[in-house]
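Participant:
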Amino acid sequence: MAYSNNFKVNLIVRVLLIFCTCILLVDLFYTDSYTLTKVLVSCLLAYEIYVLIKYLDKTNKELAGFLNSIKYDDFTHTYTTKKTGTSMDGLYEQFNNVIKKFREIRAEKEAQHNYLRTIVQHVGIGIITFDKSGEIQIINSTAKSLLGVDLIKNVKQLKSVSEELVNSLMELKTGGRDLMKIEKKGEEVQLAIYAIELMRRDEEFKLISIQNIKSELEEKEMDAWQNLIRVLTHEIMNSVTPISSLAATIETELESQINAEDFKIENISKEDLTDFHMALHTIHKRSDGLIKFVSDFRNLTRIPIPQLEDVLICDLVRPILNLLRFDLEQNDINVNLDINPDQLMIRVDKEQVEQVLINLLKNAIQAMGENEELEKTKEISICAAVENDERVTVKIKDNGTGIDEEALKKVFIPFFTTKKSGSGIGLSLSKQIMRKHNGNISVHSIVNEGTEFTLTFPR
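Numbering-wise, the sequence shown is residues 1 to 459 according to the UniProt record's numbering.
1) Quick one: residues in its chain with C-beta nearer than 6 Å to the C-beta of A453, no 5 flanking neighbours on either side, listed in chain order?
2) Kindly indicate which residue of G402, I403 and R391 has the alpha-carbon position closest to the one of G439.
3) Of all Cβ atoms in chain C, is any one closer than 9 Å to the Cβ of D398?
4) Throw me the rounded Cβ distance for the I136 and N154 pair, which I believe falls under 8 Å.
5) Beta strand (DSSP E) containing K71: first to last residue?
6) Residue range of the alpha helix (DSSP H) that S145 falls in?
7) Considering only C-alpha positions, which residue in the set A195, M180 and I208 is nearest to E188?
8) Tell me which same chain residues have a C-beta within less than 6 Å of the C-beta of G175, skipping the five on either side of it?
9) Here's the rule: buried if 16 or more other CB atoms are within 10 angstroms of the residue's CB, otherwise exposed. What is L308?
10) Looking at L147: is its Cβ nearer than 9 Å to the Cβ of K184?
11) Here's the rule I'm using: 16 or more other beta-carbon atoms within 10 Å means buried, otherwise exposed. How should T35 be labelled?
12) By how many angstroms is the C-alpha of K220 removed from the C-alpha of I213?
13) Across the region 52-62 and the region 13-23, are there enough close Cβ pairs to call them in contact, namely three or more that are closer than 8 Å?
14) If I measure Cβ to Cβ from I125 and keep anything under 8 Å in the same chain, skipping five residues before and after, which residues do I get?
15) Would DSSP call R201 helix, strand or coil?
16) Thinking just about the alpha-carbon of each residue, which of V386, T401 and K409 is nearest to the one in V394?
17) To which residues does DSSP link M180 through a beta bridge?
18) Spatial neighbours of T456 within its chain, please: C-beta separation below 7 Å, excluding the five flanking residues on both sides.
19) In the DSSP assignment, what are the bridge partners of A367?
20) Taking 9 Å as the cut-off, decide whether the C-beta atoms of R459 and I346 are in contact.
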């Protein structure tokens with residue numbers, strides 16, 4: 001405000017002086033004498049106009065210099081005030097205040113930038129950001145360590161590490177993920193890669209996070225082997241133990257009969273023959289069970305590669321409901337079907353996904369059919385929808401008795417079952433089929449409220 005007032009006063013005084021000089025000069029021109037005075041007053045007027053122009057030009061130059069400093073982010077210059085109370089002192093003081101504010105903003109911005117950069121550099125996950133051409137803006141120390149590189153400016157330089165890795169980084173879209181094996185200094189590294197696409201000032205760039213999950217995979221693999229060995233041991237021992245016991249009993253009995261001095265085949269009683277027959281029948285039955293178990297196990301490991309085609313979800317679900325109509329009616333189960341939109345489509349192997357849906361619906365029917373004490377109306381709801389424009393989910397929910405927490409952890413383990421007549425391979429097979437489709441199957445259950453299975457398919 002002080003600068004503005006001083007500037008106005010200076011400008012008004014100078015204009016008034018020029019105005020007065022002009023009046024004086026006009027008055028002199030109406031007289032025939034005072035020639036020298038006329039010349040001097042004319043020179044004075046010219047000088048006053050020159051000083052006014054110089055005054056305005058100086059202000060404009062200072063303002064242009066200040067704006068150029070802002071334009072080029074140069075806040076090192078400081079304007080010196082003479083403390084005389086002139087208008088220029090006021091202008092310089094305002095300039096210095098603005099420059100000081102810009103310095104504070106820049107310092108705060110740099111501090112924030114350094115703070116975030118320090119976090120990014122020290123976080124335990126590898127982070128890379130790059131633009132469409134692959135030019136890298138940020139790569140933290142963890143990413144460099146995981147990939148075994150030091151100086152790198154473009155993602156394409158990672159071809160020396162793995163060409164497959166470069167292709168994956170360039171092609172992954174928002175929400176995409178990939179598992180990649182690379183070799184670093186003779187050691188195999190298992191990487192989990194996640195991508196997200198972002199915009200910054202109309203410029204597209206991609207943020208990639210990388211984790212070494214080798215130890216986690218090895219731990220999960222060990223747990224899986226232990227669970228599998230436990231199941232195999234249990235199933236095989238259940239069959240082999242009675243076979244071995246009965247075979248030993250028959251051997252002992254026959255040996256005692258054969259070694260008898262008066263042994264004759266006709267001396268073997270009908271009761272003994274009946275026992276032998278029952279024992280052999282049991283051995284035969286348990287052997288068949290063992291063969292079926294091995295066959296089921298083999299089926300789990302021989303799921304063919306999906307033959308993908310575009311399929312309407314309604315065309316998948318309705319024929320299955322028609323197939324299971326007798327079981328549904330026999331158990332008084334209502335089915336609610338909700339597909340949104342009606343023509344929702346997924347790209348899958350139709351036969352394999354039909355098998356998954358049949359497994360889940362049969363489980364729901366059996367779970368509610370076995371519970372005679374269930375008082376509420378038995379219902380199965382099937383809901384299909386698009387989530388976040390990224391994936392399609394199919395949810396199959398029943399209102400049965402649910403699954404207890406301990407059993408819930410094991411439902412996808414091969415041969416684990418809570419049903420008396422169950423084989424324990426349905427859910428494990430379903431999980432493998434969904435993995436083959438780059439999808440997922442998950443379960444949520446509350447005891448006495450019901451169970452919900454969710455199938456997730458990529459779009």
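Idealized CB from N, CA, C, for every residue including glycine. None of the values given here were measured: they were computed from a predicted structure.
Facilitator: So, from the data block:
1) Before going on, a small fix: residue 453 reads as Phe here, not Ala. So the qualifying residues of the chain are L360, I396 and V443.
2) R391
3) Structure shown: chain C not included; a single protein chain is present.
4) 6 Å
5) Looking at the DSSP string, K71 is not in any beta strand (DSSP E); the run it does join, the alpha helix (DSSP H), is T35 to K71.
6) S141 to L147
7) M180
8) E390
9) exposed
10) yes
11) exposed
12) 10 Å
13) yes
14) T142, S209, I210 and Q211
15) coil
16) V386
17) L191
18) R391, T393, G439 and N440
19) For A367, which the question treats as bridged, DSSP gives no partner whatsoever.
20) yes
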